[in-house]
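Protein chains in written order, with my numbering: chain A, 7 to 121; chain B, 86 to 200.
See the structure below:
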């Protein structure tokens, strides 16, 4: 099955700096890659996603890049703010034999933005 | 529009006790999922239901059972709780079946402690 590895596990940046979180996946058939943000004690919420027919997607200060050949994708947050502090999860999904596979999540990155 | 609603929010059980976690969604989604979240391990899939009347095992199904009562409701049952089942449980849903092409929407979670 799919295996998703996420790095780093913790990341501390100064307010205004950029943050980059990287994930690798194992199943070359994976075709959907969402990123979730989870604030302390709350549910994961989708912040951006990308499909395998696209190499990059941007939404304001957040961007995701995908390298299908290397099987890795990254989340980029620019001009970080204290409210960006949270745990970020990457995930990957492939259609699979039955097409009913759910998401496989990375282990998460705790981002702390220092004021 | 409440999205995905889980009950209860918190629960403490003694080893060997049973309980059912309830989940309902009002987004007319076909697929529903149960995940558990443990520190440093991300989100792991317990069971999922691609459509009303079908359920399938995920990554960590042992010790759990599920019921897809109707399109809206998907419950998770612990027949004989064990301390290893102490975790935060998230229910999620998404539109469509088959190949993955839409994001997961999560409930607010149930924090379960088994003593």
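C-beta: ideal position from N, C-alpha, C; glycine also.
The C-beta of residue 112/B comes no closer than 8 Å to any C-beta of chain A. Proximity of residue 159/B to chain A, defined by a Cβ-Cβ separation below 8 Å, is not satisfied. Taking 8 Å as the CB threshold, residue 40/A lines the interface with chain B. Using a Cβ-Cβ cut-off of 8 Å, residue 55/A counts as an interface residue toward chain B, since at least one Cβ of chain B sits closer than that to its own. Neighbours of residue 79/A in chain B, taken as residues at a C-beta separation under 8 Å, are lacking, since the least C-beta distance is about 15 Å. Closest option to residue 192/B, judged by alpha-carbon separation, among 198/B, 158/B and 171/B: 158/B.
Per DSSP, the continuous beta strand (DSSP E) segment holding residue 199/B begins and ends at 195–199. Residue environment: residue 126/B is assigned as exposed (fewer than 16 neighbouring CB atoms within 10 Å of its CB, all protein chains considered). Residues of the region 115–135 of chain B with a C-beta atom less than 7 Å from some C-beta of chain A are 118, 125, 126, 127, 128, 130, 133 and 135, listed in chain order. Not a single C-beta of chain A is nearer than 8 Å to the C-beta of residue 150/B.
Rounded to whole angstroms, residue 98/A and residue 76/A show a C-alpha spacing of 14 Å. For residue 113/A, the nearest CB of chain B lies under 8 Å from its own CB, placing it at the interface with that chain. Put simply, the CB of residue 194/B is near chain A, with a gap under 8 Å to one of its CB atoms. In this structure, the alpha-carbon of residue 108/B lies about 32 Å from that of residue 118/A. CA-CA distance, residue 20/A to residue 164/B, rounds to 48 Å. Exclusion of the five residues before and after residue 58/A leaves 36, 37, 38, 39, 72 and 74 as the residues of its chain whose Cβ lies within less than 8 Å of its Cβ.
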